[in-house]
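Working notes, beginning with the structure itself.
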């Protein structure tokens, strides 16, 4: 039974004392701790190999012995090779003395040059100082008799005997050999008792912490193992080309320098520099000229640039979780604690500390100090820069954020939380007027700048349509009004929402509540309004929004009203009731949610009813082909899933699907980005399908704005999910029958070039070729004796 832990009595002082005690234990017990840590790291590397051997039905003991024997044989072979190369190098060093003297002598400047002048000056100063010291000594001794000069005494130690030499050698080797032996023993037992040790650690943590402890152990094991294996691959990819390059350049003992580079690069920062020193020095000494040295420098430069900018980002994948500064500090700390071995193990051990910090609440400071993840959310980071009056830093951070996420995410995750923090600080009186003005002014300018860049990047014919309407005297009327509830912060967020709606081609603008209530709107615009969005920011968002919503409802009884209570937790349904269920139609808490809700409520200017997909004349032949290929109601297919993921990335579309058109339904064979509830259903009626139109036309179909096409504008499925763009290519059999469609969709209108349509068609052709080939192979297998069983097992 696990002992209960009273976490309430665990004070920071207790944690600090325990932490200092652990450091002291690691220092004084380093003779055991170092082999144990080395064995733990080796076990992380060898565990995947042992597990692979176990899957091949090899007994555990044999698998462990084989893995350990192979690993230490490789280490021993590398060590023997390095030792042999070092012995040869030591015997060849005297051959390079002439080149060294010649090159060093070439640096001297003759005929009274600067170096000679400096040397002569130093000699003269030394002579003057010596003369002054001798004169002072003579003056001090002139008053008395001359003192006799001391007799020089020299001590000679007898030459060591052969037994003494042997003893010193064995004593020097005893430490490393003993450490290696302990490491081998520890590794074997760790691999043999892997599950048992894991269970004992779980038992020590307590059964109540079973989930957390298991997650921490898995996290640490995966991170360290991934780091060590990736580092080994990177070092090998560095050392092998280095060996070949040095051999071609002519640097002696190229294999030695390649092996040393593989080992030394495990040491952070210092290792790569150490790997360069000896080859460069040897290139300098061997060649009577300078070409070998320059070629060697160029080789190292190319390898370093390739490794740091190509191999490491590719092979590391996800980060080890350590910040750059923490790696330096960890290297210094572990070197101080355990010497050179600590420098080698600094990164893996620090990874383990970070994992502890992430899973043990009282050690969270380790993750904060050493981890590479931001310790502040985006809104607080942006707000902190604004408080420091650092608008350039805030703008740089926003642009970095946009490189990875969308503009909607920038508004919801950064700008809105920052404005909310500012409002809370203003209510508490901790934000002065200067800071408030600076924050709102620069935030507004930043938003306008980001919106301007987005408009430039996404400019299309929609702007031309607006310009043509203005020239013809036809005003572009806003059908959505964004209404600030109170102050400037609400108005800034309302402007962000209006821009998000304009990106979806929904006419919107920001209007004050007074302008609406006082009937300052143009009658035509008032008639065009379909949705009103109230923008209210905490801490007084609820009260202000309720008051504004009541005023708007008194003027617009039949219009839809959406209330945005930004950055507010609305899990409690009572909060919605306090707002007033009769005044607001919908309540949202994020700009993305508000834009989606407006998209659903806003109606296009097309009154035609939706046209269902036509039924082609050859529908019976098409359905027979679909039945023959046995694609309906089967398990997910990797080939389909890989293609939809590839298309979504290639065309930068949020949704990609492979659909099959049955007699009465559209079946989704593979989907990416489809809402969860629709993906779970797996099918829709054929009458609502877009793929049905592709099958009926048996050709590529592109609709750049579904809401402006009378066939699709009032399709309820598209309206609810805000789908605006569609492109589909038919999935044609060898006989030319279209059994389905390869589709990509977006929630905003966009252009689709002819080359894009051709690429989509080519992808559909390639997919169907794969399907037909696979079906023919399966049919051939089923016709052979035992083929059916073989097909089922495959």
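Residue numbers (the working numbering): 2 to 795. All C-beta atoms, glycine included, are put in the ideal place defined by N, C-alpha and C. Since this is a predicted model, take the numbers as computed values, not measurements.
Practice item. From the DSSP output, read off the bridge partner residues of residue 372. Key: 323
Check your understanding: residue 1 lies in the alpha helix (DSSP H); which residues open and close that run?
Key -> The structure shown has nothing for residue 1, since the chain only spans 2 to 795.
Exercise for review: Output the distance between the C-alpha atoms of residue 293 and residue 233, rounded to the nearest integer angstrom.
Suggested key: Between residue 293 and residue 233, the C-alpha separation is close to 28 Å.
Practice item. Below 6 Å CB to CB, which residues in the same chain sit around residue 701 once its five sequence neighbours on both sides are set aside? Key: 730, 758 and 762
Point to revise | Ranges of the alpha helix (DSSP H) found wholly within the region 221 to 272, counting only runs of at least 4 | key: 255 to 265
Check your understanding: If you compare alpha carbons, which of 328, 663 and 749 is closest to residue 653?
Key -> It is 749 whose Cα lies nearest to the Cα of residue 653.
Check your understanding: Once you ignore the five residues that flank residue 781 on each side, which residues in its own chain have a CB closer than 7 Å to its CB?
Key -> none
Practice item. List the whole-angstrom C-beta distance separating residue 550 from residue 564, where the pair is believed to meet the contact cut-off of C-beta under 8 Å. Key: The pair is a contact, with the Cβ atoms about 6 Å apart (cut-off 8 Å).
Exercise for review: Decide if residue 288 is buried, meaning its Cβ has at least 16 other Cβ atoms within 10 Å, or exposed.
Suggested key: buried
**Study point:** Where the alpha helix (DSSP H) through residue 79 begins and ends
**Key:** 61 to 93
Exercise for review: Decide if residue 346 is buried, meaning its Cβ has at least 16 other Cβ atoms within 10 Å, or exposed.
Suggested key: Buried, since its Cβ has 16 or more Cβ neighbours within 10 Å.
Exercise for review: Provide the residue(s) that pair with residue 702 in DSSP beta bridges, ordered along the chain.
Suggested key: 729
Review point. Whose C-beta lies closer than 6 Å to the C-beta of residue 691 among residues of the same chain, with five residues either side of it excluded?
Key: 727
**Study point:** Closest residue to residue 716 among 705, 688 and 561 (Cα-Cα distance)
**Key:** 688
Practice item. Please decide whether residue 645 counts as near chain B, where near means a Cβ-Cβ distance under 8 Å. Key: No chain B is present in this structure, which holds just one protein chain.
**Study point:** DSSP bridge partner residues for residue 660 (one or two, in chain order)
**Key:** 669 and 742
Check your understanding: Whose CA, out of 450, 51 and 557, lies closest to the CA of residue 585?
Key -> 557
Practice item. Can you tell me which of 42, 433, 283 and 602 puts its alpha carbon nearest to the alpha carbon of residue 230? Key: It is 42.
Check your understanding: Going by Cα to Cα distance, which pick from 706, 352 and 546 is closest to residue 224?
Key -> Of 706, 352 and 546, the residue nearest in Cα terms is 352.
Check your understanding: Taking C-beta to C-beta, are residue 276 and residue 297 nearer than 8 Å?
Key -> no
Review point. On the three-state DSSP scale, how would you describe residue 685?
Key: Residue state, collapsed to three classes: strand.
Review point. First and last residue of the alpha helix (DSSP H) that includes residue 349?
Key: 341 to 360
Point to revise | Cβ neighbours of residue 237 in the same chain (closer than 7 Å, five flanking residues each side left out) | key: Sequence-distant partners of residue 237 (beyond 5 residues in either direction) whose C-beta falls short of 7 Å from its own C-beta, in its chain, are 263.
Review point. Quick one: Cα of residue 318 to Cα of residue 222, how far?
Key: For residue 318, the predicted structure reports a pLDDT of 49, less than 50, and the residue's modelled location is therefore unreliable. The matter cannot be settled from this model.
**Study point:** Minimum C-alpha distance to residue 479 - residue among 330, 196 and 524
**Key:** Comparing Cα positions, the closest option is 524.
Review point. When the distance is taken between beta carbons, is residue 451 closer than 8 Å to residue 481?
Key: no
Exercise for review: Please report the Cβ distance between residue 439 and residue 390, rounded to the nearest whole angstrom; I am assuming they are in contact, meaning their Cβ atoms lie under 8 Å.
Suggested key: 6 Å
Review point. If we ignore side chains and look at the alpha-carbon of each, how far apart do residue 239 and residue 78 end up?
Key: 19 Å
Check your understanding: Taking the Cβ atom as the reference point for each residue, do residue 193 and residue 56 lie within a distance shorter than 8 Å?
Key -> no
**Study point:** Exposed unless 16 or more other CB atoms sit within 10 angstroms - verdict on residue 496
**Key:** buried
Check your understanding: Helix, strand or coil: how does DSSP classify residue 752 here?
Key -> Three-state result, residue 752: coil.
Point to revise | Inter-residue spacing [alpha-carbon to alpha-carbon] between residue 350 and residue 70 | key: 25 Å
Exercise for review: For residue 597, count neighbouring C-beta atoms within 10 Å of its own C-beta (all shown protein chains included) and say buried if the count is 16 or more, exposed if not.
Suggested key: buried
**Study point:** Classification of residue 413 by the beta-carbon crowding that lies within 10 angstroms, buried from 16 upward
**Key:** buried
Check your understanding: On the premise that residue 771 lies in contact with residue 682, defined as a C-beta separation below 8 Å, what is that separation, rounded to the nearest angstrom?
Key -> Incorrect: roughly 26 Å between the Cβ atoms, too far for contact.
Check your understanding: In terms of residue numbering, what span does the alpha helix (DSSP H) encompassing residue 418 cover?
Key -> Judged by DSSP secondary structure, residue 418 falls within the alpha helix (DSSP H) whose first and last residues are 417 to 429.
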